[in-house]
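Quick notes on the structure that follows.
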Amino acid sequence: MTFALKCLGALLAVATGAQALATEVQVAVAANFAAPMHKIAAAFERDTGHKAVLSVGATGKFYAQIRHGAPFAVLLAADDETPARLQKEGLAAAGSAFTYAIGQLVLWSADNAAVDAQGAVLNAPLSGRLALADPKLAPYGAAALQVLQQRGLVDKLRPHFVLGENIAQTFQFVKTGNASMGFVALSQVMQDGKITTGSAWVVPAALHEPIRQDAVLLRQGADNPAAKALLQYLRSDAARAVIRAYGYSV
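Following the numbering used here, the numbering of the sequence shown begins with 801 at its first residue and continues without gaps.
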């Protein structure tokens, strides 16, 4: 065998070994965190070689799917209660949950002049629909309901409610004009620290319970090195910079 062939063989062996070490991880991602997580997943693959395969949806639905054996290795929830419940039920690794982001609620309209910076528009007569995520399924919906309760507006505005299955569907209701405004995640309308379109009231955190979003290692990911690597990566400076850029605190 020539020297060149030996070198080629060695390079192939190294490449094959590296490929063998790289694995995939199935990740259930709360709908509000879809945009930043796609960026983080791309950086994670570039930096580690592992691939994060993302499924985006409502935390409540993911909980039901995980209980019925869905093959997710990691859950990035929109709350802290679901990961805690999964640990208690033995469906997630004990002690693995941590808060990866604290969410921010915003009242948003695609109309540049519809929503004022103090949210006083909610006190005026509302002609269109008001979108919010289903409070029974989505923590952002529960937070929106708390805001309306704090302001004494639930009975007045309930006839205008249109409920999204998750925060992604809620955002689509407003974006497409099926609702004149709605309570969505700041991450859906913010990039690089700025609200990029429409008009908005960033809801003061004091008006609702903190939206602590926890990540947890699920039982399916206990022996998956990519799952553990991803959870570690979420705590890195690179990941946290992305998270902050979408309006979350960490």
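Ideal Cβ placement from N, Cα and C applies to all residues, glycine included.
- Just measuring C-alpha positions, the residue of Val856, Glu824, Ala968 sitting nearest glycine 849 is Glu824.
- Taking C-alpha positions only, arginine 1012 is separated from alanine 1039 by approximately 17 Å.
- In this structure, isoleucine 967 and alanine 938 form a Cβ contact; the two beta carbons are roughly 6 Å apart against a cut-off of 8 Å.
- In this structure, the alpha-carbon of leucine 891 lies about 41 Å from that of serine 999.
- Apart from sequence neighbours up to five positions away, the residues of its chain that approach threonine 882 with a beta-carbon distance below 6 Å are Thr859, Tyr863, ordered along the chain.
- Under the three-state reduction of DSSP output, aspartate 1014 falls in the strand class.
- Checking the DSSP bridge columns, you'll see threonine 899 partnered with Asp1014.
- Leucine 932 and asparagine 832 have their C-alpha atoms some 13 Å from each other.
- Excluding the 5 residues flanking it on each side, lysine 851 has same chain C-beta neighbours closer than 6 Å at Glu824, Glu845, in chain order.
- Beyond the five residues adjoining it in sequence on each side, valine 921 comes within less than 8 Å, by CB distance, of Leu907, Ala914, Val915, Met981, Trp1001 in the same chain, given in chain order.
- Between alanine 873 and glycine 1021, the gap from beta carbon to beta carbon is short of 8 Å.
- In the DSSP annotation of this structure, leucine 1030 is not part of any beta strand (DSSP E); the continuous alpha helix (DSSP H) holding it starts and ends at 1025 to 1033.
- Cβ contact annotation for alanine 1029 (same chain, cutoff 6 Å, sequence separation greater than five): Thr848, His850, in chain order.
- For the 8 Å CB-CB criterion, alanine 884 and alanine 897 form a contact.
- For valine 1050, no alpha helix (DSSP H) run applies, since DSSP gives it neither H nor E.
- In the displayed model, leucine 854 falls within a strand according to three-state DSSP.
- One Cα belongs to phenylalanine 961, the other to glutamine 887, and the distance between them is close to 34 Å.
- Following the DSSP letters along the chain, one finds leucine 945 inside the alpha helix (DSSP H) bounded by residues 939 to 950.
- Nearest C-alpha to alanine 979 among Leu986, Ser987, Thr970, Ala985: Thr970.
- Minimum Cα-Cα distance from alanine 985 among the listed residues Asp1014, Arg1019, Leu1007, Ala944 corresponds to Ala944.
- In this structure, threonine 996 sits near valine 989, with a CB-CB distance shorter than 8 Å.
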